[in-house]
Amino acid sequence: MKPTTYSLSSRTRDLAAKRLCGQRSAILALDLGSTTGWALRDATGVITSGVQQFRPNRFEGGGMAFLRFNHWLSELVETSGPLSAVFFEEVRAHAGTLAAHVYGGFLAHLEAWAEFRDVPYQGVPVGTIKRFIAGKGNADKQAVIAAVQRGLIHY
70 MKPTTYSLSS
80 RTRDLAAKRL
90 CGQRSAILAL
100 DLGSTTGWAL
110 RDATGVITSG
120 VQQFRPNRFE
130 GGGMAFLRFN
140 HWLSELVETS
150 GPLSAVFFEE
160 VRAHAGTLAA
170 HVYGGFLAHL
180 EAWAEFRDVP
190 YQGVPVGTIK
200 RFIAGKGNAD
210 KQAVIAAVQR
220 GLIHY
């Protein structure tokens with residue numbers, strides 16, 4: 070069965086996501102930006118996470134960040150095995166114009182990378198993530214951090 074990207078209704082996407090997450094398969098979660106946060110659950114269930122920098126240095130063009138991002142994604146798949154899905158934080162409001170442009174650039178490259186490799190991808194709204202972790206969709210950063218440190222997850 071060929072995987073497809075999630076462009077269906079939100080209910081259908083949610084069911085597909087639950088089906089994928091229930092399987093023992095590699096899943097990547099991303100917080101896109103010049104400093105990208107990531108978590109990878111491999112096929113054995115082991116979760117690895119970290120932060121990756123993609124900022125170009127002063128002698129490079131702006132496109133180098135996106136080239137590094139594409140290379141990093143490909144390298145991650147080579148070392149962890151094939152991905153069943155990629156989930157990313159879907160940001161609807163940005164602090165400024167530059168942040169919006171950077172996010173849009175990384176999102177475009179992620180989508181192109183995933184489409185080329187037939188890897189399904191789905192954005193998850195920030196409020197949904199906060200509600201899952203802290204119990205409130207509008208929880209502030211400190212409440213989210215405290216919930217994570219206590220190991221609380223609200224289903």
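70 is the number of the first residue of the sequence shown in the working numbering; add one for each residue after it. Heads up, the beta-carbon is just placed ideally off N, CA and C, and yes, glycines get one too.
- Within the region 115-191, the runs of beta strand (DSSP E) at least 3 residues long that lie entirely inside it are, in chain order, 116-122 and 152-159.
- Under the DSSP assignment, residue 95 falls in the beta strand (DSSP E) whose first and last residues are 95-100.
- Only residues of its own chain outside the window of five on either side were considered, and among them 112 and 153 have a CB closer than 7 Å to the CB of residue 94, listed in chain order.
- Within 10 angstroms of the beta-carbon of residue 110 lie 16 or more other beta-carbons, which makes it buried.
- In this structure, residue 107 sits away from residue 142, with a CB-CB distance that is not shorter than 7 Å.
- The shortest CA-to-CA distance from residue 178 to any of 189, 136 and 115 is the one to 136.
- Taking each of 214, 205 and 195 in turn and checking the Cα distance to residue 101, the smallest one comes out for 195.
- The beta-bridge partner set that DSSP reports for residue 193 consists of 158.
- Comparing alpha carbon positions, the residue from 146, 123 and 138 closest to residue 188 is 146.
- For residue 122 against residue 148, the beta-carbon gap comes to about 18 Å, at or over 8 Å, which does not count as contact.
- Boundaries of the alpha helix (DSSP H) around residue 212: 210-219.
- Apart from sequence neighbours up to five positions away, the residues of its chain that approach residue 197 with a beta-carbon distance below 8 Å are 206, ordered along the chain.
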